[in-house]
């Protein structure tokens with residue numbers, strides 16, 4: 075079975091690093107045109123565009139803060155002008171914020187996580203749907219987290235935003251289905267990226283993490299990216315309104331393998 079996205083116009087928010095970078099590359103390898111959104115580190119975004127182009131793909135870099143609805147609207151207008159529309163949106167941009175117990179939390183910092191992870195995902199989806207609904211086709215995928223199900227002390231804004239993304243996905247899927255648009259979420263578990271280097275580069279922290287994963291290894295960004303490509307393709311044409319977990323079994327609560 076050959077998974078292809080030839081000619082599909084894709085947008086990946088936060089697409090210049092980590093999981094977003096892997097998604098951008100895999101989409102391009104499958105034949106999609108990829109707009110790589112970034113808010114910082116333009117050099118990384120432009121280097122990624124060059125890498126994709128050298129491999130025969132089509133890509134462009136576009137700056138926008140997803141927590142700013144006006145910036146999002148301008149980004150989609152630019153993509154519309156360049157490519158005539160959007161077929162795939164990957165809402166990947168997200169932050170976890172600093173660790174703080176609820177009674178110690180700075181409300182501005184809490185709101186920022188919600189603005190990026192939830193409001194930003196909604197505003198990007200809104201702009202995408204304004205283009206997908208009239209064409210009666212399209213796929214929206216939001217990168218969630220195992221923490222839409224698993225509590226994480228000190229990160230109430232992050233967990234709340236990811237749980238909200240789950241219900242947002244279901245609601246948008248319900249609204250968009252009559253118009254031929256599918257809406258899904260992909261929830262990674264522990265994935266080896268630069269942002270969590272402090273965990274996987276320390277032997278003690280790594281072992282603690284591996285104890286939480288039935289497959290006993292950290293995932294690679296490409297493993298998430300490949301799932302995104304499959305779900306964005308016609309292979310998944312009858313799948314919508316669900317979160318797909320890519321977590322090595324973390325949400326299977328491995329501690330319970332040894333008794334309740």
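In this note's numbering, the protein residues as written are 75 to 334. Built from N, CA and C at the ideal position, the CB exists for glycine as well.
| Item | Value |
| --- | --- |
| Nearest residue (CA-CA) to residue 269, options 241, 127, 170 and 238 | 170 |
| Length at least 4, wholly inside the region 286-322: the alpha helix (DSSP H) runs in chain order | 295-306 |
| Separation of residue 285 from residue 216, as counted between CA atoms | 27 Å |
| CB of residue 118 within 8 Å of CB of residue 82, strictly | no |
| Buried or exposed (CB count within 10 angstroms, at least 16 for buried), residue 90 | buried |
| Start-to-end residues for the alpha helix (DSSP H) that takes in residue 324 | No alpha helix (DSSP H) contains residue 324, which DSSP labels as neither H nor E. |
| Residue 201 beta carbon less than 8 Å from that of residue 146 | yes |
| Close Cβ partners of residue 325 (< 7 Å) along its chain, the five nearest in sequence each way excluded | 220, 223, 224 and 319 |
| Where residue 85 falls: helix, strand or coil (DSSP) | strand |
| Proximity test, Cβ basis, 8 Å: residue 285 and chain B | The chain inventory of the structure shown lacks chain B, comprising one protein chain alone. |
| 7 Å CB neighbourhood of residue 166 in its chain, flanking five on each side removed | 86, 87, 88, 89, 93, 94, 97 and 217 |
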